[in-house]
Each structure stands twice: as C-alpha cells, then as structure tokens.
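Visitor:
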Amino acid sequence: MDLAIKTNCLSKNFGSVQAVDCLNLQVPAGSVFGFLGPNGAGKTTTIKMLLGLTRPSAGAIELLGQPATSGQYLARVGYLPDVPNFYNWMRGEEFLTFVGQLYSIPPRELKKRVAEMLELTGLRGVTTKIGGYSRGMKQRLGLAQALINEPELVFLDEPTSALDPIGRKEVLETIGIISQRCTVFFSTHILADVERVCDRVGILRQGRLILDESLAELHKRFGQQVLRLEVTGPARDLAAELQRLPWVSAVQQENGALLVAAADIDSACVEIPRLLAARNLGLRRLEPKALSLEDIFVRLVNDDEK
Amino acid sequence: MKNSLRFLGKELREILRTYKIYTIPGIFLLFGFASPILTKLLPDLMENLAGEINIILPEMTWRDSYTQLFKNLTQIGILTVILTAMGTVAEERNRGVAHLILTKPVSRTGYILAKYIAHLLLVGVSAIAAFMATWVYTRILFTGTRFTPGLTATGLYILYAAVILAITVLASSLTRSAIAAGGLATAGLFVLGLLPLFSSGLSKYSPGALTGYINEVVAGTVPAELWGAAATAVLSAAALLALAALSFRRQEL
C-alpha cells in the first residue's frame, strides 16, 4: 500500500504540555482521511508539524515517500489553514496567480488553472478585493490556492468549522470533487462532515491516536455489535429476560424496538428467534443497527477515558 | 532565488497599492519642499516673534537649507520608517498569512530579504525625491547652491536608514505584534544614538555617527572616518538581517 503520510512516533510538547504523543499515522495514497478530534486534541499541531511550520519534539515524518526534513515535498502538497487569511489588497484571481508563480507554473498553464480553480470554487467573476470577501468566500479562495499546484496531497484544517450550512455544503462538495484527484487529509471536529466525504478516519484524543481505520470497517465493527429487534405480541419482560443471557451486554428501548448489544452476534442471531418462539412472540425485524460515527466517537472517547 | 524575486515583486506591488505609498514618500516630500522655505523665512519669523528684542541671526545659506532637510529626515523621517515597516513580518504572522505563504516553495530567508529590500527601495527613492525637491527650491531661494554635498548626504542618510530598517525588520521578525516590533525598533534606535557616547571608536565608526557626518558633509568637510562609519553601517545592516533571517528560520509558526 502506497502511503501519502507516514509518521513514526511523532511527538510535540510545549513545556510540560504533551500536545501530540507518539503519533503513528499511516494515510494511504488516494484516500480521504478524516482527522477527527475534540478541540485541543492536537490536530492543528500535527498538521503544522507535517508541513514543517512547527518542529517535532521527537519522531519522524515521511510525506509522499520523502522525509519531511528535505522540504522538497512542499511543491507537491497544498494547505488550507483553519482561518485562511490573505493579502487584503489583492483580488482573488491575482492572489491565485501569485501563488501559482511561487510554484513556477508556466504563465499559459497558470492562466488556465486559475480560471479552473475560480470556476471550481464559485469565485469566477468576483472582482472585489479579498478584504471585502465573506468568511465563506475566503474559505473557498483558500481551497483554490491549496489546489493551484495540482497537489498530490492536500491538508484541509477544519475547512467547514465556521461556515453557515450553505457554505459548508459548497466546501464539502468541492472536497468531494478534489478527492478524485489527490489524497485529502481533512481535519475536523464535525463528525457529519467526515461521514459525508471521508473513507478513512483517525481519531485523536489528547494528542494520542486512539483509532485509525477505514470508515467501512469501523461501521462493520461497531454496527455488528448492536441488533435492533422488533416483535409482534406482548413483549413485556422480554428486555429483562434478554438482559439475563450471557452473550447480551445491554438492552435498551428505542421507539418501540429493543436495541440489544451482544458480545457474540452469531449466538444472538440463533438464540433470539428461539427465545421468541418459546414465548409465542412473532419476529418482525432483527437486524444489525448501523451506529453513526458520532455514536462510535463518543463510545471510543469514553472507553479511552476509562 | 526566483521565488524570492517574485516575492519582492509582490512586496513592491503591496507598497504601491496600500497606505505605504502615501506615508514615507508623502512625509519625505513634505520635508523636501518645506525645508528650504522654512530656512529662508526663519530670520523674518524670529524677528517677528522677538518683538522689540533685537536678535541677530547669521544670513541663511543653501547649506542651512540642506541641514534643515536632513535634521527632519533623521528625526521624524526615521520614525516614519519604523512606523511603516514595524508590522511587515509580525502582522503577517499574526494574521496567519505567513503560514499560507511559507508552506509554498518560498525560503524564509528570501521572505525576510524581500521585505527589507522593498522597504529600503521605498525609503531610498523617497529620500532622493525629497533631496531633489529641496535642491530645486534651494536653488530658487539661495545663491551658490551646490548639488554634490546634498547628494552625498542623501547617500549617507540612506545608509543610516538601511540600518534602522534592518533593526525594524529584525524586531518585526521577533515579535507577534506590530506595536511590540515598533517599540523594540525605537529602543534600537535609541541605543544606536547612545553608542557614540561610549567610546571614541564608536563615536567615529558606529552607524549612529552617520547623522553627525551628514551635517559635516553638508557643511563642506569630508571627515576621514566617514567611510569607516559607512562600512560599519553596511556590515551592521547585513548582520542584523542575517540575525533576522536566522531567528525567523528557527521560529515555529
């Protein structure tokens, strides 16, 4: 598997505060990696270390197959900071042209790419100076400048956190488009955004990576542990009876159904219909419940706290 | 190297399209036009203010006109330079623009140098324009006006400003706020002014001694130590810039 990002026990401390603690990240090339964590978990610090803006206290970084110390990779990556700021006296098109020049893109090619990026981010025809842009427009310009060099890897640091629903939808749609072209490292604390655009997720808590898994595997792993059971007939006392079974860890009522958390899902699928038949109850539905990323996130963070 | 030049181009465009194009050139030109006129009118003004007291002033000459210009430029002019350049690095870092730019293939040393050179060009062109304005008006108002002493003094002034600008860029690269950078640079200016008091060597060869040599050149003498002081100024500016680049390269953004 080709890796776009690989870190080896990457750490950063500010005095006695351990901001990032022995982080071993492996981001596959071509993936959209959701880097999740509560505020203050160390997401921005990690991104800054990956981009050479902050020196790690310990550990090693490899980006696009090159050690980060070389700085050579900068021409092949793009970066959108959490609060992008620009030269307010410039116009958007002018700023993109300036950034493109820094990547030594030939003038004719650059003109084409600037037009393409303005189109992609919905800023074509905007002639006001950047100082007059709204927050959403700045975010979109930030996205455009991060992509002007056609990067192989793009870092997006909380790109939707301060946007209104429309601005957020637009930015997520753009991320969806660019994910066809490059690896996206998407830091956020908005779980719904990760579910929408990412295919892999890493969860950071207090500087430690507590999970690094594909979204599909994650849903499979956590989703299979809870069954949703709907029965016909009087189901009084059923919950208590289920609770006494050795392979059941918890039973919960939800909108007329029972959510059964089972340690052994195979036994549950055999035993539950048998139990219902013995009590003369009909089985209307028995299916694995898909947990939302939010449920999984909360559970993981709580488990980690324990 | 190419990217440093592109960045310099951006800095120059920024100067042309922001308030910076009005402050330094505006104030310098004001001094350029006003200094000869004030010098010419000074005896009459003093006489009117003195009333019945009889004040005898020597007759003002073209040298006094030049002296007035450089007095203004080395005082308020230099403070204007500090005020204009104090936020050049600190503000960009504080606003996060530096993060965005320095994740592109731009060297931090090139970033610092581009900012310094752009401001030095602004100060240099403004100082020359101010001197030309003074020269034209001095020729009209005084007899026997000579060009070369004024031009030499302008060159020395630019050297002096180059050192102050290097102090300001260093201060701006060390702090996160323009105000703090301005305070630090003003303190540097103060120290530079005090250095000549500490030893005879410093009084002759430190960059701060240049302000005295500017007056001597205008008065018609060329002290032998002038070139030593000029060389020290160039070396000091280079050392301060190297320090700014080094500290900026080591900083975490």
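Top line first, the protein sequences correspond to chains A and B.
Quick note on this note's numbering: the first sequence kicks off at 15 and runs consecutively.
Quick note on this note's numbering: the second sequence kicks off at 849 and runs consecutively.
Quick reminder that beta carbons are idealized off the backbone N, C-alpha and C, glycines included.
The structure presented is a predicted model; accordingly, all values stated were derived computationally and were not measured.
1) Drop a sphere of 10 angstroms on the beta-carbon of B/Leu893, count the other beta-carbons inside from all chains shown, and report buried for 16 or more, exposed for fewer.
2) Rounded C-beta distance between B/Leu948 and B/Arg956? I'm assuming under 8 Å.
3) Measure how close the beta-carbons of A/Leu307 and A/Leu167 come, nearest whole angstrom, since I'm counting them as under 8 Å.
4) Is the beta carbon of A/Val240 less than 8 Å from the beta carbon of A/Ala271?
5) Buried or exposed, going by whether 16 or more other CB atoms sit within 10 Å of the CB of A/Asn163?
6) Take every Cβ of the stretch 241–252 of chain A, pair it with every Cβ of the stretch 214–232 of chain A, and state whether three or more of those distances are shorter than 8 Å.
7) DSSP puts A/Lys143 in a beta bridge; with which residues?
8) By the 10 Å Cβ neighbour count, where 16 or more other Cβ atoms means buried, how is B/Met849 classified, buried or exposed?
9) Quick check on the DSSP output: the beta strand (DSSP E) that includes A/Arg210 runs from which residue to which?
10) Closer than 8 Å, CB to CB, is A/Ala89 near chain B or not?
11) Given 8 Å as the limit, is there contact between the stretch 910–917 of chain B and the stretch 1053–1066 of chain B, that is, 3 or more CB pairs closer than that?
12) Give every residue of the same chain whose Cβ lies closer than 6 Å to the Cβ of B/Thr1000, excluding the five residues on either side of it in the sequence, and list them in chain order.
13) In whole angstroms, what separates the C-alpha of B/Thr1078 from that of B/Ile1006?
14) Are the Cβ atoms of A/Ala160 and A/Gly92 separated by less than 8 Å?
15) Return the bridge partner residues of A/Phe47 from the DSSP annotation.
16) For A/Thr135, which of helix, strand or coil comes out of DSSP?
17) So, for B/Thr1034: in the same chain, excluding its five sequence neighbours on each side, which residues have a beta-carbon less than 8 Å away from its beta-carbon?
18) If you pair each beta-carbon of the stretch 138–157 of chain A with each one of the stretch 65–79 of chain A, do three or more pairs fall below 8 Å?
19) Taking Cβ positions only, does A/Gln115 come closer than 8 Å to chain B?
20) Tell me the rounded alpha-carbon separation between A/Glu285 and A/Asp309.
21) How far does the beta strand (DSSP E) with A/Pro302 in it reach, from first residue to last?
22) B/Pro873 CB to nearest chain A CB: under 8 Å?
23) Looking only at C-alpha atoms, which of A/Met63, A/Cys283, A/Tyr101 sits nearest to A/Trp261?
24) In chain A, which residues lie with their C-beta within 9 Å of the C-beta of B/Glu862?
25) Quick check on DSSP: helix, strand or coil for A/Ile224?
26) For B/Ile965, which residues from the same chain have a beta carbon less than 7 Å from its beta carbon, with the 5 sequence-adjacent residues on both sides left out?
27) Use the C-beta contact count for B/Phe995: other C-beta atoms within 10 angstroms, 16 or more gives buried, fewer gives exposed.
Guide: To lay it out plainly:
1) Label assigned to B/Leu893: exposed.
2) The beta-carbon separation of B/Leu948 and B/Arg956, rounded to 14 Å, does not stay under the 8 Å limit for a contact.
3) So it is not a contact: roughly 23 Å between Cβ atoms.
4) No, they are not a contact pair.
5) By the neighbour-count rule (16 or more Cβ atoms within 10 Å), A/Asn163 is buried.
6) The answer is no - the stretch 214–232 of chain A does not touch the stretch 241–252 of chain A, with fewer than three Cβ pairs under 8 Å.
7) Looking at the DSSP output, A/Lys143 bridges to A/Arg105.
8) B/Met849 comes out exposed.
9) Per DSSP, A/Arg210 belongs to no beta strand (DSSP E); it is in the alpha helix (DSSP H), 205–211.
10) By the rule that beta-carbons nearer than 8 Å mark a contact, A/Ala89 touches chain B.
11) Yes, since at least three Cβ pairs between the stretch 910–917 of chain B and the stretch 1053–1066 of chain B fall closer than 8 Å, the two stretches touch.
12) Taken in chain order, the residues that qualify are Val1065.
13) Correcting the residue identity first, residue 1078 of chain B is Ala in this sequence and not Thr. Their Cα atoms are separated by approximately 10 Å.
14) A/Gly92 sits close to A/Ala160, with the two beta carbons spaced by under 8 Å.
15) Beta-bridge pairing links A/Phe47 to A/Phe199, A/Arg214.
16) The answer is coil: DSSP assigns A/Thr135 none of H, G, I, E or B.
17) Here the set comprises Leu927, Ile930.
18) With a cut-off of 8 Å, the stretch 65–79 of chain A and the stretch 138–157 of chain A do not count as touching, because too few Cβ pairs lie within range.
19) Taking a beta-carbon distance threshold of 8 Å, A/Gln115 counts as an interface residue toward chain B.
20) Looking at the two C-alpha atoms, the distance is approximately 26 Å.
21) Taken as a continuous stretch (DSSP letters only), the beta strand (DSSP E) holding A/Pro302 covers 296–302.
22) Chain A contact via Cβ: absent.
23) Per the Cα distances, A/Cys283.
24) What B/Glu862 touches in chain A: Tyr101, Trp103, Met104.
25) The answer is strand: DSSP assigns A/Ile224 an E or B state.
26) These residues qualify, in order along the chain: Leu856.
27) Counting every other CB atom within 10 Å of its CB across the protein chains shown gives B/Phe995 a total below 16, marking it as exposed.
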